[in-house]
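In the order they appear, the protein sequences are chains A and B. Going by the numbering used here, the first residue of the first sequence is number 1, and it counts up by one from there. Going by the numbering used here, the first residue of the second sequence is number 1001, and it counts up by one from there. Positions of the beta carbon are idealized from the N, C-alpha and C atoms, including for glycine. All values derive from a computational prediction rather than experimental measurement.
Number of protein chains: 2
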Amino acid sequence: MGELRDSKKRETRQRISDVATKLFFARGFEAVTIEEIAAAAKVSKMTVFNYFARKEELFLDREDEVKQLLHRALAERPKGQDPIDALRALVDRLRAEKHPFARVDDQTVGWWRIVAASASLKARVRDIGDEAVEALAVELAGPRADGLARLVAGMIVLTWRTAYAEAVRVFAGGGSARKASATFVELIDRGFAAVRGLADR
Amino acid sequence: MGELRDSKKRETRQRISDVATKLFFARGFEAVTIEEIAAAAKVSKMTVFNYFARKEELFLDREDEVKQLLHRALAERPKGQDPIDALRALVDRLRAEKHPFARVDDQTVGWWRIVAASASLKARVRDIGDEAVEALAVELAGPRADGLARLVAGMIVLTWRTAYAEAVRVFAGGGSARKASATFVELIDRGFAAVRGLADR
DNA sequence: CGAGAAACTTGTACTCGGTACAAATTTTGT
DNA sequence: ACAAAATTTGTACCGAGTACAAGTTTCTCG
């Protein structure tokens, strides 16, 4: 029932992605062309576009994971738990698991440096954030989410993004991983506290 | 001293901008090419790029105004006034002046519809917002702005953006201008209240 | 197994935003 | 009126992304 075909596709997709990642790390995002990636992956340019609709997806392939994590943290939270507490717990869980969304080390900073150097990657990251906001608003308030729900969702994502960016800044500026981590947690707590005040009433 | 040259330049720039705006309103942003704009303005494609570095600038030419307004509101505020109070006062001032950044009517909604229909325009709007956040953080905390300052600045801009977007949504969904305006103000007040809680301590 | 259908890949040719650069034109100061 | 400076233009180019038809591989089913 399409075993071989499927495995070949997965393999091809993975090969393209790997090759692209390696090239991007070596020379930056803008400096690598799709044609180069195609050649290095022994595939045609068209095939690259078959698997990845835009160039940015070759570097940002964890798009859905963001929404998944937020969704599951809320859906599977203990009965009666405040949504913001559930997200705060998610932060701790991801830190414990050394998940890249809640951790700053040489690898993630290297990754982030490449994003920061490319306008189109930065734009795409913001885009993913906006999608997460919308999804989160729906998660929090149902399909008829209102402005307040969107503001709450926006602040949660903003807090996460800002805390992460600040941790990267600290780490890249020579701070220890411990210090970067402390910065991350402190900003998360501050931001989430503000959101709690907003959601009440 | 270059009178004629300067006035010609201003005239040309204005003509290109006007022609582009008209075309964008008629057919949307993506559907209009730079070459068309150049032809309609009786100028070469290269000249268009001489005046506007990217296509998006042809539609979003109030970039600096955002930063200007924020800067002046803070710089010229009464001595001892809280920065957030100063920005809250700016909102009222802009509303009184019917400034498009704080007002929703047929014209501004038409303008937003075009932005919303174009991925690259939306990206550019977010970009401008991010620049405003950075500028605001510096404004609030000086050139050595820290994570908290950036979080505060981010929340202020997010609140404004969300309140505006929500007002547009209400208005475009058939709500009266009065109702849209009330939505705008309510979200601004909620968001700013949360920011006040964040900034203290 | 073999043949035709379905799925995937490829080449080609194209559009559009944007850049490089040198030639042509216009404006300016003298 | 003339040379220098600033502006505009044409031409040629690059890279992302699309359209489409033709080629190749894999699957399905008799």
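- Cβ-Cβ distances below 6 Å link Ala199 of chain A to Val152 in the same chain, with the five nearest sequence neighbours on each side left out; the list follows chain order.
- Each residue's CA atom was taken as its position, placing Ser17 of chain A and Gly1110 of chain B some 41 Å apart.
- For Gly28 of chain A and Asp106 of chain A, the gap between their C-alpha atoms comes out near 16 Å.
- For the pair Ala1117 of chain B and Asp130 of chain A, the Cα-to-Cα distance works out to about 15 Å.
- For Ala1182 of chain B, the uninterrupted alpha helix (DSSP H) run begins and ends at Ala1177 to Ala1199, by DSSP.
- Per DSSP, reduced to three states, the secondary structure at Gln1081 of chain B is coil, with no helix or strand assignment.
- Annotation: Gly173 of chain A has no Cβ neighbours in chain B at a cutoff of 9 Å; minimum Cβ distance is about 12 Å.
- Within chain A, not a single residue places a beta-carbon under 9 Å from that of Gly1028 of chain B; the smallest gap is close to 19 Å.
- Within chain B, the residues Gly1147, Leu1148 and Leu1151 have their CB atoms less than 8 Å from the CB of Leu187 of chain A, given in chain order.
- Residues of chain A whose Cβ lies closer than 7 Å to the Cβ of Thr1162 of chain B are, in chain order, Gly147, Arg150, Leu151 and Gly154.
- Exposed is the label assigned to Lys1042 of chain B, since fewer than 16 other Cβ atoms lie within 10 Å of its Cβ.
- Asp1127 of chain B places its beta carbon 8 Å or farther from that of Ala89 of chain A.
- It is roughly 38 Å from the alpha-carbon of Asp92 of chain A to the alpha-carbon of Lys8 of chain A.
- A Cβ of chain A is located within less than 8 Å of the beta carbon of Gly1197 of chain B.
- Contact of Gly1142 of chain B with chain A is not assigned, every C-beta pair being separated by 8 Å or more.
- Separation of Ala1135 of chain B and Leu1087 of chain B (C-alpha to C-alpha, rounded to the nearest whole angstrom) is 14 Å.
- Selection A:Thr12, A:Glu63, A:Leu60 and A:Asn50 evaluated against Ala40 of chain A yields A:Thr12 as nearest (Cα-Cα).
- Shortest Cα-Cα distance from His1071 of chain B to any of B:Phe1192, B:Trp1160, B:Ala1165 and B:Glu1139 involves B:Glu1139.
- For Leu1121 of chain B against Thr1162 of chain B, the beta-carbon gap comes to about 18 Å, at or over 8 Å, which does not count as contact.
- Within the same chain, Cβ atoms closer than 6 Å to the Cβ of Gly154 of chain A are found at Val133, the five residues on either side in sequence being excluded.
- In the assembly as shown, Glu1056 of chain B is a buried residue. Its beta-carbon has 16 or more other beta-carbons within 10 Å.
- Per DSSP, Arg62 of chain A is not a residue of any alpha helix (DSSP H), being assigned neither H nor E.
- Shown here, His1099 of chain B sits in coil according to DSSP, grouped into three states, outside any helix or strand.
- Put simply, the CB of Ala1180 of chain B is far from chain A, with every gap to its CB atoms at 8 Å or more.
- Among the residues of the segment 4–25 of chain A, none has a Cβ less than 9 Å away from any Cβ of chain B.
- The alpha-carbon of Ser1181 of chain B is positioned some 47 Å away from that of Ala31 of chain A.
- Just so you know, the alpha carbons of Phe1024 of chain B and Ile1114 of chain B end up roughly 8 Å apart.
- Going by DSSP, Gly174 of chain A is part of no alpha helix (DSSP H) at all; its letter is neither H nor E.
- Proximity of Asp1127 of chain B to chain A, defined by a Cβ-Cβ separation below 8 Å, is satisfied.
- In this structure, DSSP gives Asp146 of chain A a state outside helix and strand, which the three-state scheme calls coil.
- One finds Ala1123, Arg1126 and Asp1127 in chain B with Cβ atoms closer than 8 Å to the Cβ of Ala123 of chain A, taken in chain order.
- Residues of chain A with a Cβ closer than 8 Å to the Cβ of Ala1194 of chain B are, in chain order, Met155, Ala194, Val195, Gly197 and Leu198.
- Ala1194 of chain B sits close to Gly197 of chain A, with the two beta carbons spaced by under 8 Å.
- Restricting attention to A:Trp112, A:Lys45 and A:Pro78, the CA atom closest to the CA of Val168 of chain A is found in A:Trp112.
- Using a Cβ-Cβ cut-off of 7 Å, Leu1158 of chain B is close to Gly154, Met155 and Leu158 of chain A, given in chain order.
- In the three-state scheme derived from DSSP, where H, G and I count as helix and E and B as strand, Glu1057 of chain B is classed as helix.
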